[in-house]
Amino acid sequence: MSVLKEGEKAPDFRLPADDGTEISFGDFRGSYVLLYFFPKALTPG
């Protein structure tokens, strides 16, 4: 796995939602998306 460079398109991926369903990144194609990742322990990041 490599880090994306500015301007590169992110690959499609799926993640679990809070309600247990799966969300696909591709479902938001054509929209602006902000992804924010934080440590599972909820430590300051």
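When the letters of the sequence shown are read in order and numbered with numbering that gives the first Met the number 0, they come out as residues 0 to 44.
From the three backbone atoms N, C-alpha and C, an ideal C-beta is built for every residue, glycine too.
### Length of the line joining the Cα atoms of T20 and R13
The residue labelled residue 20 in the question sits at position 21 within the sequence shown. The residue labelled residue 13 in the question sits at position 14 within the sequence shown. C-alpha separation (whole angstroms): 10 Å.
### Message
For P10 and K4, I'd like the C-alpha separation in whole angstroms.
### Response
Looking up residue 10 in the sequence shown gives position 11. Looking up residue 4 in the sequence shown gives position 5. When rounded, the distance between both Cα atoms is 12 Å.
### Extent of the continuous beta strand (DSSP E) run through L14
Within the sequence shown, numbered from 1, the residue matching residue 14 stands at position 15. That run of the beta strand (DSSP E) goes 13-15.
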